[in-house]
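Peer 1: Take a look at the following structure, please.
In our numbering, the protein residues as written are 5 to 70.
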């Protein structure tokens, strides 16, 4: 896998390390990024299920009103 080097504020990285309970800056930032991506996938899955349910309701023939 390709690697990317970035610069971050040291205080920000230390705070992430403390919150994540990780001793390595690289591991701490990687954990945060992986969590962010996983959260995005979970959100997509939830909204996709909701959208499918709404499409099924719209697809059903409706009884005439009036």
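Backbone N, C-alpha and C define an ideal beta-carbon position, used for all residues, glycine too.
(1) Quick one: Cα of residue 26 to Cα of residue 6, how far?
(2) Do you know how far the Cα of residue 36 is from the Cα of residue 49?
(3) Starting from residue 17 and walking both ways along the alpha helix (DSSP H), at which residues does that stretch end?
(4) How big is the Cα-Cα spacing for residue 19 and residue 59?
(5) Verify whether the separation of the beta carbon atoms of residue 17 and residue 41 is less than 9 Å.
Peer 2: Put simply:
(1) Cα to Cα, the separation comes out at about 23 Å.
(2) Going by the C-alpha atoms only, they are around 20 Å apart.
(3) Note, residue 17: alpha helix (DSSP H), 14–24.
(4) Rounded to the nearest angstrom, the two C-alpha atoms are 44 Å apart.
(5) Taking 9 Å as the Cβ cut-off, residue 17 and residue 41 do not qualify as a contacting pair.
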